[in-house]
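As structure tokens, the structure follows; a few thoughts come after it.
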Amino acid sequence: MIGKRMRHIGRYHEIAVALLRHGFGMIVDELGFSSFLSLPPRGRTEQGKREGKTVGERLRLVLEELGPTFIKLGQIASTRPDLIPRYIICELEKLQDQVPPFPFPEVRRIVETELGGPLEELFRSFDEIPLAAASLGQVHRAVLPSGQAVVVKIQRPHIAARIETDLDILQDLAVLAERRLDWAASYRLTEIVDELAKSLRQELDYTIEARHAETFANQFADDPSVYVPGVFWEYTTKLVLTMEYVEGVKLGEIERLKESGHSLKTLAERLTVSMLKQMFEHGFFHGDPHPGNVFVLPDGMLAFIDFGLMGRLRPNVKHHLSSLIIALMRQNTDGVLNAIYGLGLVPAEVDEGKLRDDIDELREKYYRVPLSEVSLGEAIGDLLTVAFRHGIRIPSDLTLLGKALLTVEGVVATLDPQFRVMDVAEPFGRKLLKERLRLDRVAETAWKRVAGYGEMLLRLPDSIKELTKVMRRGKLQLEMTASDLEALLRKLDQIGNRLSISLILLSLSIVMAGMLIASSLGRQSMLLWKIPIIEIGFGVVALMFGWLLYSIFRSGKL
13 MIGKRMRHIG
23 RYHEIAVALL
33 RHGFGMIVDE
43 LGFSSFLSLP
53 PRGRTEQGKR
63 EGKTVGERLR
73 LVLEELGPTF
83 IKLGQIASTR
93 PDLIPRYIIC
103 ELEKLQDQVP
113 PFPFPEVRRI
123 VETELGGPLE
133 ELFRSFDEIP
143 LAAASLGQVH
153 RAVLPSGQAV
163 VVKIQRPHIA
173 ARIETDLDIL
183 QDLAVLAERR
193 LDWAASYRLT
203 EIVDELAKSL
213 RQELDYTIEA
223 RHAETFANQF
233 ADDPSVYVPG
243 VFWEYTTKLV
253 LTMEYVEGVK
263 LGEIERLKES
273 GHSLKTLAER
283 LTVSMLKQMF
293 EHGFFHGDPH
303 PGNVFVLPDG
313 MLAFIDFGLM
323 GRLRPNVKHH
333 LSSLIIALMR
343 QNTDGVLNAI
353 YGLGLVPAEV
363 DEGKLRDDID
373 ELREKYYRVP
383 LSEVSLGEAI
393 GDLLTVAFRH
403 GIRIPSDLTL
413 LGKALLTVEG
423 VVATLDPQFR
433 VMDVAEPFGR
443 KLLKERLRLD
453 RVAETAWKRV
463 AGYGEMLLRL
473 PDSIKELTKV
483 MRRGKLQLEM
493 TASDLEALLR
503 KLDQIGNRLS
513 ISLILLSLSI
523 VMAGMLIASS
533 LGRQSMLLWK
543 IPIIEIGFGV
553 VALMFGWLLY
563 SIFRSGKL
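The sequence shown lines up with residues 13 to 570 when you count with this note's numbering.
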């Protein structure tokens with residue numbers, strides 16, 4: 013660690029000075045920067061505090077001063093209201109990613125090195141002035157030898173090495189902070205930095221963005237309302253991304269859309285439906301659908317661009333998210349709680365009583381409010397705020413979903429103030445509910461649970477043997493409160509009941525199969541066969557299976 017600090021001592025000094033300049037001298041002291049850095053006197057710093065700026069404002073200024081790595085990390089962090097207080101999120105959302113473009117000779121060098129040839133042979137034409145420039149790269153318009161118009165994104169020279177240095181320093185500081193600061197340990201700062209660093213490293217690999225674009229395009233291959241520009245793989249590497257050029261009007265240019273004769277209401281509906289399909293049907297969605305990333309083509313199709321920030325909802329997250337939406341629609345506190353427990357990593361020390369009170373308070377906020385007036389993005393944002401308050405970790409893709417929904421609702425409100433996202437979202441919620449209640453889906457879920465319990469039962473003798481060995485060595489430590497014991501007994505009782513029912517169903521099935529075989533092979537007539545035993549047996553099995561499903565539904569653990 014000391015070697016790392018000496019190797020990057022100049023950058024450590026820049027970070028410490030920026031913190032001091034904007035009023036974070038206490039953090040500089042607590043992290044021990046003074047022990048290995050020569051810092052300016054405190055009286056000439058602390059500018060941020062003297063000017064009366066808020067903590068969020070001063071933090072944003074620090075990130076902007078420290079450059080691309082910190083700006084991008086701040087932007088990614090702004091999607092995590094479960095980790096960061098709302099008043100800081102509001103400032104992080106203001107972080108600007110506008111920087112001067114780098115010189116064209118550097119563009120030429122990178123493109124020719126990556127694509128393996130002179131620029132004039134690779135492209136029929138290549139604009140020297142970029143269309144846009146950001147902290148990680150810039151975009152140029154070009155034409156391929158075939159005559160196809162394209163956009164070429166080129167990564168800034170040496171930016172990857174600088175970002176790796178900054179991430180190395182941040183991970184060192186996170187470890188140091190967790191050792192010295194109680195709040196850093198309680199927030200699990202190293203985990204947050206690791207998670208944000210992973211997202212940033214993905215943005216540095218343009219082949220990942222290209223694969224995202226292709227996956228996104230496949231989702232809408234049969235949808236005439238959405239267009240996704242194609243990727244030219246022979247002109248794409250980790251540092252260079254070449255995609256089809258899209259000619260259209262940005263979704264935020266309202267006057268131009270009107271002049272082109274587009275229906276703003278239709279565009280609002282198309283954007284909403286496309287985003288809900290991405291999230292709730294495909295489980296793979298655009299994480300930054302702001303007006304600059306969505307174009308309207310002359311025929312009214314929506315063209316999405318920039319696939320660097322994407323979200324993916326795993327099946328179990330989609331399952332619990334649908335439970336959450338259904339519980340919100342029904343204003344069911346227990347359902348919301350169960351969904352939160354299913355979605356997030358709930359700390360053992362969470363106060364369930366206070367958590368329930370917060371959920372009830374949230375439920376009251378939406379009580380008797382017409383669905384058409386509910387903001388789905390705001391509702392998820394409110395839940396993430398509750399999660400933050402109780403230290404519950406929520407999957408990053410779900411927090412990105414909440415931010416994307418809020419962005420879409422803002423764009424839709426600009427296009428058509430009378431349009432309500434929930435008017436379109438409600439049918440999706442009902443569709444999710446129908447999917448959950450489909451007989452084959454219910455049977456599959458029930459069978460998986462029964463199979464899981466059966467496997468656990470088979471492993472029980474070995475587990476008991478291992479437990480006995482541990483007890484004989486005197487190494488078993490058990491701490492259990494009365495409430496824990498009661499919950500455990502309830503759970504064991506529930507498992508026992510389910511196993512019993514499953515075994516009864518299995519036994520009846522075997523008996524029924526035996527009787528069917530006996531009835532087909534038997535030559536002698538018996539009094540028993542004159543009774544409709546098979547029909548009665550099937551009726552009993554159907555009743556017991558129905559009761560099993562009812563008990564699972566009633567438990568709320570489906």
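Positions of the beta carbon are idealized from the N, C-alpha and C atoms, including for glycine. None of the values given here were measured: they were computed from a predicted structure.
Straight across, the Cα-Cα distance linking V111 with D370 is about 42 Å. Look at L388 here: in three-state DSSP terms it is helix.
Take S408, set aside five residues on each side of it, and the residues of its chain with a beta-carbon closer than 7 Å to its own are R92 and E207, in chain order.
Assignment of M313 by DSSP, reduced to helix, strand and coil, places it in the coil class. The Cβ neighbour count for T480, taken over all protein chains shown within 10 Å, is under 16; the residue is labelled exposed. Spatial neighbours of V398 in its own chain (CB-CB distance under 6 Å, excluding positions within 5 residues in sequence) are listed in chain order as D370. Scanning its chain for C-beta atoms nearer than 6 Å, with the 5 sequence neighbours on each side dropped, one finds around G264 the residues P303, in chain order. The beta-carbon distance between V164 and V151, rounded to whole angstroms, is 7 Å. This is short enough to meet the 8 Å contact definition. Going by beta carbons, L188 and L43 fall inside the 9 Å limit. Cβ-Cβ distances below 7 Å link E103 to G68, E69, L71 and R72 in the same chain, with the five nearest sequence neighbours on each side left out; the list follows chain order. Nearest neighbour of L193 by Cα position, chosen from I39, L32 and N328, turns out to be I39. Cα atoms of F244 and D234: separation of roughly 21 Å, rounded to the nearest angstrom. The stretch 175 to 182 and the stretch 264 to 276 do not touch, with fewer than three beta-carbon pairs separated by less than 8 Å. Using a Cβ distance threshold of 9 Å, L396 and M291 do not count as a contacting pair. A straight-line Cα-Cα distance of about 8 Å links D363 and H402.
If you compare the alpha carbons of N305, L321 and F316 with that of G299, the shortest gap goes to L321.
In the three-state scheme derived from DSSP, where H, G and I count as helix and E and B as strand, S334 is classed as helix.
Excluding sequence positions up to five before and after A351, its CB lies within less than 7 Å of the CB of H332, S335, L336 and A339, all in the same chain and listed in chain order. Apart from sequence neighbours up to five positions away, the residues of its chain that approach T419 with a beta-carbon distance below 6 Å are P301 and H302, ordered along the chain. Contact holds between the stretch 137 to 148 and the stretch 112 to 119, because three or more Cβ pairs, one in each stretch, are under 8 Å apart.
The residue from Y239, E124, L95 and L288 with its alpha-carbon nearest to that of N305 is Y239. Non-local beta-carbon contacts of A186 in its own chain, meaning distances under 6 Å to residues more than five positions away in sequence, involve L201, T202 and V205 in chain order.
The Cβ atoms of L253 and Y218 sit closer than 9 Å to each other. In the DSSP assignment, Q167 is bridged to G149. Contact annotation: M287 and P236 have beta-carbon atoms that are not nearer than 9 Å. Partner residues in the beta bridge of E256, as assigned by DSSP, are V162. With fewer than 16 other Cβ atoms inside 10 Å of its own Cβ, Y99 counts as exposed.
Taking the CA atoms as reference points, V261 sits about 38 Å from N328.
The beta-carbon separation of L95 and A30, rounded to 22 Å, does not stay under the 8 Å limit for a contact.
Here R282 has S237 and L314 as same chain residues with Cβ atoms under 6 Å from its own Cβ, once five neighbours each way along the sequence are excluded. In this structure, F296 is the residue among E267, F296, A173 and G414 with its C-alpha nearest to the C-alpha of R223. Between H34 and K65, the CB-CB gap stays under 9 Å. Scanning its chain for C-beta atoms nearer than 6 Å, with the 5 sequence neighbours on each side dropped, one finds around I317 the residues N305, in chain order.
Between F232 and P169, the C-beta spacing is not below 9 Å.
Here L367 is buried: its Cβ has 16 or more other Cβ atoms, across all protein chains shown, within 10 Å.
Considering only G149, A154 and A144, the residue with the shortest C-alpha distance to E133 is A154.
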